[in-house]
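The opening residue of the sequence shown carries number 1088 in my numbering; numbering runs sequentially from there.
Yeah, the Cβ is synthetic: ideal placement off N, Cα and C, and Gly gets one too.
Model, not experiment: these values are computed from the prediction.
Structure first, commentary second.
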Amino acid sequence: MELRSAEALLLDVVDLHDYDRIVTFLTREWGKKRGVAKGARRKHSRFGGQLQPLGRARVDWMEKDDRDLVRISSVELQRSARGLQQDLEGLLLSAYLSDHIQEFVQENEPSDLFFRLLDSTVQAVVAGVDRSLATRYFEAWVLRLAGIFPVPEVCPQCGRQLEVAGVALLASGESMVCRSCGGAEGGAKQVSPQAVRFLRQIDSAKLVDLDRDRPASSTLDEVERVCTLVRRSFLQHELKSYRVIRETIAGLPGEPNPSPDNH
Ligand SMILES: [Zn+2]
């Protein structure tokens, strides 16, 4: 048995039996962890009020080599993300950020860059940075950190430098290539110079800086389509929270409903 302690970002909290909860959390040192918080559902639990999704906390836990689930002994909330969970859109966004980390970060692997990305994105959104911009920034960076979506600088097929106005996304979503390589493969889609510029900019610019000179919403929509295709091509499935977001947006009153079946 080994006692560990780390600063963590809480990803998910679900009930277990009548009295306990399972908490998934992200650490810099050991990546993603899942543990049982015994008695967390009881009225006067020591975990009371501490288990907030996307909150940053000091977590102490016991580990046994042969167990997947660790045993959490204490959680001390340092920063709440409640500001993000006051409305439906914010709740969906929280689930979406958390879903990415749960899908792309491994257990027991150092994950400092993922930690910093999630931490800074949550802070920026709580501070009022445009949610759509923050989401596109986050999803593109997750793909980059996972090593499946590099900065669009060089065509991976022919090795030529990519011109901002000469980039296409393969229909498979596997990579971004130059237009001549894209033309050779059926169904490759041109990517606008604005979207290519955004995908380059996020390499060096911080979210708050990008928010000051925010890209057009059509550019952000395009980045969303590109990232969705790349992510799906890699995972071979869609993130559950993304499906929920699409369905919720389609079903919101006053929003145009793209599906003719519902008329
Ligand atoms: Zn090429």
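Any chain D beta carbon closer than 9 angstroms to residue i
i     : result
Y1106 : This model lacks chain D altogether, as it is built from one protein chain only.
Beta strand (DSSP E) segment containing residue i, residue limits
i     : result
W1148 : R1143 to E1150
F1112 : D1107 to T1114
N- and C-terminal bounds of the alpha helix (DSSP H) containing residue i
i     : result
A1255 : It is not in any alpha helix (DSSP H) - A1255 instead sits in the beta strand (DSSP E) that spans V1254 to L1256.
A1182 : L1175 to F1191
E1163 : Per DSSP, E1163 belongs to no alpha helix (DSSP H); it is in the beta strand (DSSP E), V1157 to R1166.
Closest by C-alpha distance to residue i, when choosing among the options
i     : options                       : result
L1309 : A1255, G1269 and D1186        : This sequence places Glu at residue 1309; Leu is not what is there. With distances taken between Cα atoms, E1309 lies closest to A1255.
R1287 : G1274, F1236 and E1272        : F1236
W1148 : P1140, E1163, D1102 and G1135 : E1163
D1174 : G1136, T1208 and V1213        : V1213
E1272 : S1161, G1260, V1283 and S1279 : G1260
S1305 : S1279, D1298, Y1329 and Q1165 : S1279
L1090 : F1134, L1138, E1196 and K1151 : K1151
T1111 : R1143, R1129, S1267 and L1200 : R1143
Q1165 : V1283, E1094, T1114 and P1197 : E1094
Burial state of residue i (16 or more Cβ within 10 Å)
i     : result
K1293 : exposed
P1347 : Its pLDDT being 46, under 50, P1347 is placed unreliably in this model, and the value from its coordinates should be taken loosely. That one is exposed.
P1302 : buried
K1119 : buried
N1349 : In this prediction, N1349 has a pLDDT of 41, which is less than 50 and means its spatial position is unreliable; what the coordinates show is noted afterwards. So N1349 counts as exposed.
Q1193 : exposed
S1262 : buried
S1092 : exposed
Check: residue i C-beta below 8 angstroms from any heavy atom of ligand 1
i     : result
G1246 : yes
S1267 : yes
V1283 : no
- Item | Three or more C-beta pairs below 8 angstroms linking the stretch 1213-1227 and the stretch 1124-1136 | no
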